[in-house]
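Participant: Chain order of the listed sequences is A and B.
Counted from 1, the first sequence has number 52 at position 52 by the working numbering; the numbering is strictly sequential.
Counted from 1, the second sequence has number 1077 at position 77 by the working numbering; the numbering is strictly sequential.
Backbone N, C-alpha and C define an ideal beta-carbon position, used for all residues, glycine too.
Below: one structure in structure tokens.
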Amino acid sequence: MQIDARPATGGTILDIIGDIDLAHSPAMRKALLQEIREKKTPKVFLNLEKVRYIDSSGIASLVEGLKASRDQGSRLILYGLSKTVREVMELSRLQKIFEIHDSEAQALAS
Amino acid sequence: MAAREFTRYGSNLRRVMAKYFGCHGAWNMALSPRRATGTQRSSHTNLAGTGVRVRGGRVSKNRAKGRGKTQSKLEMLLKLELQSNPEALCLVRATVERAAEVMHFQDSETRAIVRSVDEALANVIRHAYGGRPGHPIEMSCYKMPGGEQKSAQGGIEILLADKGVPAKPERLKGRALDEIRPGGLGLHFIRQSMDEVEFSRKKGKNLLRMVKYLTPTSFAAHQKENGKCR
């Protein structure tokens, strides 16, 4: 899995490439929490367009990120979810808890 | 016939694995086929550096089902011997995905099977072995015949076995989804995704049996393409 950060309007975009599973979710969790807690970025956009698979440990990392962003008063915004990722979100009944957009343009305009 | 298809698939395993390893060039693959005599025919794929051994082939056996009153003829599709290494999960997902495709499960069913196997293995690694790598896990996939009361169209049975600490009964219940907190979702995903899920412990091993039945739509596609390997 690869994680790249780039600046965006009012925050940072984290581009995630690859599978978010037990082997790789700790790296995503670390990047996400660093952005939210240490850098105190007001808006963190998580680009999941190139994520083919996410497991429960990946979902747990996203939930941790969401809680951290609420504690900081910032926003965690997800976009570009594949069918597989959407299915897992629905299974965990978290699709309404997260702020989710279809595209980067929609996410940035939100 | 599915076993024959999968035997053909076994010969294509190198291509599938090469695709996988092509994405993760740090691992090497060595293919070492071994053919048994008689009615059994199998090939082994040893994946150097991962501790994963793959056996695909035609191995039929009668195995007692349920409480032992009924005998069900199951055909082995695949057997994996892997170690409790999270890096191996990606490889297992690719293999199980192809097995489900060969059995003509629909895309959503295939994703459900892959998700369940991945979550079950992750649970073994995290809980049974406490996150310690290098411990053995066995995974066997069988083709279930159709025509039975529960499975008119047949399906796939997946068995996982590990020698880790016994699973705590309270852990096997999962948790309420109303709570928004990290963790505890894996078992929920498995139960939502598979038709049957059974935990047991025998002879010092944790055993997990998962079954997914083919739907009539999937079965029709299977019959139409019987004998072909996609």
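Under the three-state reduction of DSSP, which class applies to Gln1040/B: helix, strand or coil?
Facilitator: For Gln1040/B, the pLDDT reaches just 41, beneath the cut-off of 50, and the residue's location in the model is therefore unreliable, leaving the point undetermined.
Participant: Leu33/A touches chain B at which residues, Cβ-Cβ below 7 angstroms?
Facilitator: The premise fails here: Leu33/A is roughly 12 angstroms from chain B at the closest Cβ pair, so nothing lies under 7 angstroms.
Participant: Looking at the secondary structure, which residues open and close the beta strand (DSSP E) in which Thr9/A lies?
Facilitator: No beta strand (DSSP E) holds Thr9/A; DSSP gives it neither H nor E.
Participant: Do the region 1114 to 1123 of chain B and the region 1087 to 1098 of chain B meet, that is, are 3 or more Cβ pairs less than 8 angstroms apart?
Facilitator: Counting Cβ pairs under 8 angstroms, three or more are found: they touch.
Participant: Give every residue of the same chain whose Cβ lies closer than 8 angstroms to the Cβ of Thr12/A, excluding the five residues on either side of it in the sequence, and list them in chain order.
Facilitator: Excluding residues within five positions, the ones whose Cβ falls inside 8 angstroms are Ala5, Arg6, Glu35, Lys39, Thr41, Lys43, Val44 and Phe45.
Participant: Which residues in chain B have a C-beta closer than 7 angstroms to the C-beta of Asp15/A? List them in chain order.
Facilitator: Correct list: empty, because the minimum Cβ distance to chain B is about 17 angstroms.
Participant: Output the boundary residues of the beta strand (DSSP E) element that contains Glu1198/B.
Facilitator: Where Glu1198/B is concerned, the enclosing beta strand (DSSP E) stretches over Glu1196 to Lys1202.
Participant: If we define contact as Cβ-Cβ less than 8 angstroms, is Ile59/A a contact residue for chain B?
Facilitator: Interface residue, yes.
Participant: Listing by chain order, which chain A residues have their CB less than 8 angstroms from the CB of Leu1207/B?
Facilitator: Residues of chain A passing the Cβ test: none, with the nearest at roughly 21 angstroms.
Participant: Which residues, taken in chain order from the region 69 to 99 of chain A, show a beta carbon closer than 9 angstroms to some beta carbon of chain B?
Facilitator: Answer set for the region 69 to 99 of chain A: Lys83, Thr84, Glu87, Val88, Leu91, Ser92, Arg93, Leu94 and Ile97.
Participant: Does any residue of chain B have a CB that is nearer than 8 angstroms to the CB of Asp55/A?
Facilitator: For Asp55/A, the answer is yes, since a Cβ of chain B falls inside 8 angstroms of its Cβ.
Participant: Starting from Phe1105/B, trace the beta strand (DSSP E) in both directions and tell me its first and last residue.
Facilitator: Note, Phe1105/B: premise wrong, no beta strand (DSSP E); not H, not E.
Participant: With DSSP run on the structure shown, which of helix, strand or coil describes Phe1236/B?
Facilitator: Chain B is shown from 1001 up to 1230; residue 1236/B falls before or after that span and cannot be answered.
Participant: Taking only the alpha-carbon atoms, compute the straight-line gap between His1188/B and Val1114/B and give it to the nearest angstrom.
Facilitator: Cα to Cα, His1188/B sits roughly 14 angstroms from Val1114/B.
Participant: Count the C-beta pairs between the region 25 to 33 of chain A and the region 58 to 75 of chain A that are closer than 8 angstroms, then say yes if the count reaches three, no if not.
Facilitator: Touching, per the Cβ criterion.
Participant: Can you confirm whether Ala27/A, when its beta carbon is compared against all beta carbons of chain B, has any partner nearer than 8 angstroms?
Facilitator: Not one chain B Cβ lies under 8 angstroms of Ala27/A.
Participant: Quick one, which of Ile3/A, His101/A and Arg52/A has its alpha-carbon nearest Ser82/A's?
Facilitator: Selected option, being the one with the closest Cα: Arg52/A.
Participant: At which residues does the beta strand (DSSP E) containing Glu99/A begin and terminate?
Facilitator: Run containing Glu99/A: Glu99 to His101, per the beta strand (DSSP E) assignment.
Participant: For Gln1153/B, count neighbouring C-beta atoms within 10 Å of its own C-beta (all shown protein chains included) and say buried if the count is 16 or more, exposed if not.
Facilitator: Under this definition Gln1153/B is a buried residue.
Participant: Who are the Cβ neighbours of Gly18/A in its own chain at under 8 angstroms, not counting the five residues just before and after it?
Facilitator: So the qualifying residues of the chain are Met1, Gln2, His24, Lys50, Val51 and Arg52.
Participant: Using a Cβ-Cβ cutoff of 9 angstroms, what residues of the region 1135 to 1169 of chain B are near chain A? List them in chain order.
Facilitator: Within the region 1135 to 1169 of chain B, no residue has a Cβ that lies closer than 9 angstroms to any Cβ of chain A.
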